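Report on the structure given below.
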Amino acid sequence: MKDQLRQYIVNYMIHDPRYQLKDDEALITGGLVDSFSLVELAVYIEQEFGVHFDDPELTAENMDTLNKIVANIEAKQ
Amino acid sequence: MPFATLIEQVQHLLETQPDRECVTLITHNDEYTLTYREFFDKAAGYASMFKIANLQNGDLVVLVLQHGEAVICGFWGALLMGSVPSIFPFLSDKQNPQSYFNSIRQLVALSGVKAILTSTEFEQGLRDVLDGIDVRILTIEMLVENGIDIDTNPLVVGAGDTAFLQHSSGSTGLQKGVMLSHRAVMNQITSYSAAIRLSPDDVIVSWLPLYHDMGLIAGFIMPIVQGIKLVLMSPFHWVRDPQILLRAIDCHRGTLCWLPNFAYNFLATRIPNNALENLDLSSMRAFINCSEPIHAESHRLFAERFAQCGLRTDALTTCYAMAENTFAVTQSSIGAAVRVDTVDRRELMDKRLAIPTVDNSDGMSLVSCGEPIAGCEIKIVDVDRQLLTERQIGEIALRSNSMLSGYYHRPELSQQVMHDGWYFTGDMGYIADKELYITGRKKDLIIVGGKNIYPQDIENLLNEIGGIHPGRIAVFGLFNEQLGTEDIAIVAEADSEDEEVRTAIKREIRARIAQNTDVTARYVQLVEERWVIKTSSGKVARDANRQKFIQEFLSPDK
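For the record, the sequence lines run as chains A and B.
Counting in the numbering used here, the first sequence runs from 1 upward without gaps.
Counting in the numbering used here, the second sequence runs from 1 upward without gaps.
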């Protein structure tokens with residue numbers, strides 16, 4: 001799941017397949033994902049993993065790293 | 001409107017219709033409405049607070065607050081007592097607070113800000129960064145119960161006095177404070193209200209930020225001054241939950257809503273099907289597309305998506321606006337389909353002429369921004385500021401009764417852009433059959449989701465990053481059809497071939513932009529030495545670099 005999300009972010013969100021995105025790298029404060037893309041990422045997560053995030057949950061605090069996103073998805077599964 | 005100042009106009013409303021609904025605020029959990037009396041009682045509380053802090057007529061007050069009751073009431077509080085309020089963009093999720101505070105410090109030092117209104121959570125951070133500067137830091141928690149009596153408060157301002165400042169949304173560069181007099185604002189409201197046929201039955205719904213002209217004037221000051229019901233929500237809330245705007249229109253029977261172009265794509269693609277059932281948008285007289293380049297395709301997507309909700313295609317209108325004219329310069333006709341001009345792409349590029357195509361073969365569709373509003377004239381000029389004729393492309397200049405008085409504390413800037421009563425916009429376009437079409441910009445400005453970004457600011461921010469060649473960085477915008485707005489692309493020259501080192505450099509580039517500006521870069525590309533094209537005078541040739549980038553990295557065969 002983590003790698004699938006990593007691939008999605010580097011290929012489709014930042015268009016940079018060679019980017020070595022780390023598990024604990026800050027996505028929002030690190031400037032890879034903005035608030036619009038975050039909504040897009042949530043849509044992708046819902047399609048792929050069947051997990052829905054309510055809007056108030058889409059914050060830098062909850063979604064800033066691959067580790068955090070995966071933990072949040074798993075907690076909901 | 002018979003009154004000369006915003007204050008007199010508001011006093012009149014308080015006298016004649018104190019119990020009319022003024023503003024409805026939608027919060028995360030619920031919504032509530034303030035009448036004129038309730039709203040201005042709260043504003044008067046802020047006016048008292050500024051008075052106690054000994055603010056004088058004409059003193060600049062900057063509001064550093066989240067979107068909500070405090071910022072809108074605090075703004076009017078300052079205005080009512082003759083101070084000059086200005087709303088600063090609020091700290092976003094990704095921005096580094098220290099760099100945000102530093103940008104406030106820069107503004108305070110440059111513009112001689114006399115007071116900042118903020119909340120306790122920011123108080124200490126601001127005190128630390130503003131240490132040694134003579135500026136009062138007030139918090140909304142200091143609000144006093146008994147406000148000044150605004151019904152009888154003797155008038156302290158005249159029509160020619162500055163009502164408020166709009167700050168241009170530069171990121172790290174020097175902020176430009178656009179000074180607007182009461183007269184200019186009242187003229188704009190009168191002319192623009194006529195252009196959109198504003199009536200007391202209208203309901204304006206807005207998610208727009210208040211530090212930008214479209215949100216500040218169309219989505220805040222005009223409705224309050226005209227006694228029009230206003231429904232407000234925070235931009236941060238809307239981005240996370242775009243449906244709230246449409247639900248608010250449905251529930252309050254909204255009639256007018258201003259949106260930047262990207263929002264049409266965003267709404268058309270982000271609202272799930274089940275949310276469209278029972279959604280009624282038939283009350284809308286006009287969605288008004290404004291503040292970034294307008295694309296016919298965005299309107300088509302939006303109209304198609306929401307037709308089932310009762311949206312009429314003639315409700316999709318357009319406007320060309322800028323803070324320097326208070327707000328609107330032109331507006332397309334309300335209740336009529338907006339004109340689309342299909343012109344020959346080659347003639348446009350090579351001869352700077354907008355020639356309608358005969359057979360649509362190499363046509364480029366441009367959306368009209370409508371005719372100038374009353375009190376406003378436009379003309380198209382060449383590089384020597386000589387008048388051009390119909391369908392010739394050149395710089396747009398304007399002259400009106402709602403123009404800025406100048407840039408605050410920046411007389412040299414005012415001189416550059418104003419001449420003989422005309423303001424030279426830096427936008428390029430042409431006039432056809434009295435209507436204005438925008439073709440591009442003279443300056444290298446990038447507009448991302450309605451925010452103005454100066455590439456030089458970002459280039460300067462990145463110059464000191466280790467591993468890249470200083471001065472060999474190009475920043476430009478790339479139109480993203482899916483989003484209906486521009487993406488930011490960064491190209492920087494770097495030597496290292498090591499992927500780990502290259503990722504580290506790209507990481508640093510992205511982080512610096514995220515933390516020091518209110519945008520995020522989409523593309524960050526490292527290139528070999530001498531890739532970046534410069535002009536003969538040594539400046540980064542952004543357009544040429546954009547073309548090269550598209551060819552090398554975005555062509556389908558790459």
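Heads up, the beta-carbon is just placed ideally off N, CA and C, and yes, glycines get one too.
Computed from a predicted structure; not experimentally measured.
Alpha carbon to alpha carbon, how far is residue j from residue i? Give it in angstroms, no decimals.
i             : j             : result
residue 550/B : residue 57/B  : 53 Å
residue 45/A  : residue 74/A  : 11 Å
residue 297/B : residue 386/B : 34 Å
residue 141/B : residue 121/B : 10 Å
residue 369/B : residue 184/B : 22 Å
residue 419/B : residue 397/B : 10 Å
residue 349/B : residue 362/B : 12 Å
residue 384/B : residue 504/B : 46 Å
residue 59/A  : residue 4/B   : 45 Å
residue 16/B  : residue 376/B : 31 Å
residue 275/B : residue 308/B : 12 Å
residue 209/B : residue 30/A  : 24 Å
residue 33/A  : residue 14/A  : 8 Å
residue 175/B : residue 167/B : 6 Å
residue 91/B  : residue 103/B : 11 Å
residue 172/B : residue 101/B : Low per-residue confidence applies at residue 172/B: pLDDT is 41, beneath 50, and the placement is therefore not dependable, though the value from the model is reported in the following sentence. Answer to the nearest angstrom: the Cα atoms are 12 Å apart.
residue 425/B : residue 440/B : 11 Å
residue 170/B : residue 98/B  : Any answer about residue 170/B is weak, because its pLDDT of 44 lies below 50 and its placement is not dependable; what the coordinates show is given next. Going by the C-alpha atoms only, they are around 17 Å apart.
residue 2/B   : residue 27/A  : 53 Å
residue 148/B : residue 129/B : 32 Å
residue 197/B : residue 334/B : 8 Å
residue 355/B : residue 436/B : 14 Å
Going by the CB atoms, is the gap between residue j and residue i shorter than 8 Å?
i             : j             : result
residue 65/B  : residue 74/B  : yes
residue 231/B : residue 24/B  : yes
residue 390/B : residue 438/B : no
residue 287/B : residue 259/B : yes
residue 55/B  : residue 114/B : yes
residue 292/B : residue 87/B  : no
residue 323/B : residue 108/B : no
residue 488/B : residue 477/B : yes
residue 491/B : residue 547/B : no
residue 39/A  : residue 305/B : no
residue 380/B : residue 394/B : yes
residue 463/B : residue 455/B : no
residue 194/B : residue 374/B : yes
residue 222/B : residue 244/B : no
residue 328/B : residue 192/B : yes
residue 23/A  : residue 65/A  : yes
residue 71/A  : residue 53/A  : no
residue 50/B  : residue 10/B  : no
residue 164/B : residue 85/B  : yes
residue 513/B : residue 461/B : yes
residue 110/B : residue 61/B  : no
residue 284/B : residue 313/B : no
residue 406/B : residue 414/B : yes
Quick check on residue i: buried or exposed, where buried means 16 or more other Cβ atoms within 10 Å of its Cβ?
i             : result
residue 537/B : exposed
residue 76/A  : exposed
residue 6/B   : buried
residue 371/B : buried
residue 358/B : exposed
residue 545/B : buried
residue 242/B : buried
residue 554/B : exposed
residue 240/B : buried
residue 32/B  : exposed
residue 365/B : exposed
residue 124/B : exposed
Name the DSSP bridge partner or partners of residue i?
i             : result
residue 344/B : 363/B
residue 205/B : 231/B
residue 487/B : 478/B
residue 33/B  : 24/B
residue 438/B : 429/B
residue 494/B : 468/B
**Asked** Can you list, in chain order, the stretches of the beta strand (DSSP E) that have 3 or more residues and sit fully within the stretch 68-109 of chain B?
**Response** 84-87
**Item:** Whole alpha helix (DSSP H) elements within the stretch 441-479 of chain B, 4-residue minimum
**Value:** 455-462
**Item:** Any alpha helix (DSSP H) of 4 or more consecutive residues that is wholly inside the stretch 275-331 of chain B
**Value:** Secondary structure in the stretch 275-331 of chain B: the alpha helix (DSSP H) runs of 4 residues or longer, each lying completely within the stretch, are 296-306 in chain order.
**Request:** List in chain order: all unbroken alpha helix (DSSP H) runs of 4+ residues lying wholly within the stretch 376-423 of chain B.
**Result:** 411-417
**Prompt:** What residue ranges within the stretch 127-164 of chain B form continuous alpha helix (DSSP H) runs of no fewer than 4 residues, ordered along the chain?
**Reply:** none
**Prompt:** Between the stretch 50-71 of chain A and chain E, which residues of the former have CB atoms less than 8 Å from a CB of the latter, in chain order?
**Reply:** This model lacks chain E altogether; the protein chains it does include are A and B.
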